[in-house]
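If you read the sequence shown in the UniProt record's numbering, its first letter stands for residue 1, the second for the next number, and so on.
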Amino acid sequence: MDDAAAAAVGGKVCDAATAAALVEDGQAVASTGVIGWITPDAVLRAVGERFERSGSPRDLTFFFPCATGDAMDIRGMDGVAREGLMRRVVAGSYINPRHPRTGARPALTGLIRDDLVEAYSWPIGAAMHWLREVARRSPGYLTRIGLGTFADPRHGGGRLTGRAKEDLVEVVELRGEELLLYPTWPLDVGVIRASSSDAQGNLSFEDLPITSAALALALAVKASGGTVIAQVSRIVPRGSRPARDVQVPGVLVDRVVVAPSELVGTEVRDDPGYLRPVADPVGRLPRLRPGPGKVIARRVAREIRPGETTILGFGAASSAILAMAEDGAFQDGRLGDYTFTTEHGSFGGVVMGGWQFSANYSPEALVDGTYQFDFIDGGGCALAALSFAQLDAAGNVNVSRFAGTSPGGGGFVDIAHNARRIVLGGTLTTGGLEVSCDDGRLDILREGEIQKFVPEADHVTYAVRSGLQRGQRAVVVTERAVFEMTSEGLVLTEVAPGVDVRRDVLGQIGFPVRTAAGVTTMAAELFRP
């Protein structure tokens, strides 16, 4: 857009390079984004390109409530992952998977691995609610969620690198109860994404299935006296949209960058199925490949009950919906008997997996991300279906730091803490595991080289025993066995047909496991191709 056109819409519109020039050395920059969804990639990319050209801005602190971008076509946080540009980063999660075309890890993963940046991980719920506290200029965000986990300063305080020296989280006592305090600090620049803007910078999100913390972030930046930059797909005439559709008012927006060709999500350019109910969403779903993941998904699905709200996390457990669809659970319109959601605010329809995770296909309601964590923290979810990387003898689950990578805790901490029941799904071992599922039995062709049930987890993302003390029930599902978590430890309750319990189950666990008096055989239909 040229200068005359920019002036015609109130002077807020500029190109990405002009917006990037507003960022000064040493500032704190916050941005939205949930993987590829709602990521203001054009602006973040312009900040990184400006640094490459001029060496400025430098020594920035970045705050990402959630992993921003996919490190592929929507680079997001990877677009500013440059030594010297990024001094500190605080994020609810980090993009971790390898690029499917190149095999490369994200650049930010390398900065963290090589200790080239001060990196911290906060639970996504804490990160989003912290923005509210910045917005109202409070001393900080208080919560009991995260005590005893990696976020607790007695267990690292969210630090991911040796350079991360400063304590960003404190333990305080209030009325005899220990709580975590996340002290607030000002945000100088906010970068958010919306669908459209008018002359005054009023933002609507009609093309986006997630709003994340866009409003909370803009409020926090303006309360700090900072600058809010919005990336949109188009400019619309003033008054052309219903006021109810405008979710960020123009008084909170200083600059608008128009990027019409940007993807709305990873490999998604325009699909109304992410925005509203569509006919036969189940018929559009892919089939699961035969293997351990399919067995796990089918067994996790047996924990899901109609009439309840089930929240699904990233990873193997989220495939339970695909297994249910393939096995006929949603025939004759019965998908409507279930309510599926994630931590990002889509209700109803089908939770998508992989790079599209966090959005639902054929949703019935879309909720702001900060309010979604109110729902989660308030106990709104009956069942949480989650994955795990490690489980230890003390009942600690790790998904936040393992095998040389640091994806962070994501929404796991809030979800696991507050659901009434949790089911953890994952293979018993990893690293080269090969199995055969045929004729209603499981055969282990090659054992995984890495044990996931370990004496002590590398990182504590959630302490299951703390949940048991609150009356929570926890089940662990693998491809060859099912366990119940109890106050006395892990108890083996089910074993796959064809498996040698001593060799293939107990022998692959790095700590003693009790065996239930009535161990049952996992259903043969779980092992169909």
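Beta carbons: idealized from backbone N, C-alpha and C, even for Gly.
Residue i and residue j closer than 7 Å at C-beta
i	j	result
A297	S261	no
L442	A516	no
S197	E206	no
P65	A151	no
A419	T309	no
T461	G395	no
residue 564	V464	Outside the displayed span of the chain (1 to 529) sits residue 564, for which this structure offers no information.
L160	S466	no
H129	Y120	no
L179	R144	yes
Q231	A259	yes
I422	I311	no
P281	G349	yes
P186	S240	no
G507	P455	no
G345	V367	yes
A16	V172	no
V248	L215	yes
L428	T478	yes
F63	A30	yes
G411	I235	no
V476	E494	no
M324	A301	yes
R88	T61	yes
R514	V499	no
For residue i, the residue or residues it bridges with in DSSP
i	result
M485	A474 and L490
W37	V34
R255	I229
L60	M86
S346	L366
Y361	V350
residue 533	Residue 533 lies beyond the range of the chain shown here (1 to 529); nothing can be said about it.
E267	Paired residue(s): none; E267 is not in a bridge.
E170	L181
T339	T309
G13	Note that residue 13 corresponds to Val in the displayed sequence, not to Gly. According to DSSP, V13 bridges with V256.
T405	F402
A384	I311 and I422
Beta-carbon contacts of residue i that lie in its chain and below 6 Å, excluding the five residues immediately before and after
i	result
G426	A316, S387 and F388
F357	F314
E326	R287
L22	T227
K294	L288
D188	Q27, A28 and G226
L111	A81 and V117
P529	P290
Contacting residues, own chain, Cβ-Cβ under 8 Å from residue i (five flanking each side not counted)
i	result
G69	G33, I35, G36, T39, D41, L44, R75, G76, M77, D78, G79 and I95
S138	T184
The ligand SAM heavy atom lying under 6 Å from the CB of residue i
i	result
A218	Here there are no bound small molecules, and the ligand SAM is not part of this structure.
Same chain, Cβ closer than 7 Å to residue i, five either side skipped, listed in chain order
i	result
D504	I444 and R480
L147	E178 and L180
L263	G36, D73, I74 and R269
A8	The predicted model places A8 with a pLDDT of 45, which falls under 50 and marks its position as unreliable, so this point remains unresolved.
L217	A30, T32, L131, G190 and I192
Cβ-based burial, residue i [other Cβ within 10 Å; buried from 16]
i	result
S54	exposed
T520	exposed
T102	exposed
P57	buried
D270	exposed
L174	exposed
F330	buried
H459	buried
R446	exposed
K165	exposed
A4	A caution first: A4 carries a pLDDT of 40, below 50, which makes its placement in the model unreliable, though a value can still be read off. Classification for A4: exposed.
residue 531	Nothing about residue 531 can be reported from this structure: the residues present for the chain run from 1 to 529 only.
A417	Checking the sequence shown, residue 417 turns out to be His, not Ala. Flag for H417 reads buried.
Q472	buried
R470	exposed
S400	buried
D115	exposed
S487	exposed
D438	exposed
P242	exposed
V221	buried
field: Unbroken stretches of the beta strand (DSSP E), 3 residues or longer, contained in the region 286 to 316
entry: 309 to 312
message: Give the list of continuous beta strand (DSSP E) stretches no shorter than 3 residues that lie fully inside the region 93 to 159.
response: 118 to 121 and 140 to 143
task: Could you tell me which uninterrupted beta strand (DSSP E) segments, each at least 3 residues in length, are contained entirely in the region 190 to 252, listed from first to last along the chain?
output: With a minimum length of 3 residues, the continuous beta strand (DSSP E) runs that stay inside the region 190 to 252 are 227 to 232 and 246 to 248.
task: Could I get the ranges of all uninterrupted beta strand (DSSP E) runs contained in the region 416 to 474, with 3 residues as the minimum, in chain order?
output: Within the region 416 to 474, the complete beta strand (DSSP E) runs of at least 3 residues are 421 to 425, 434 to 438 and 441 to 446.
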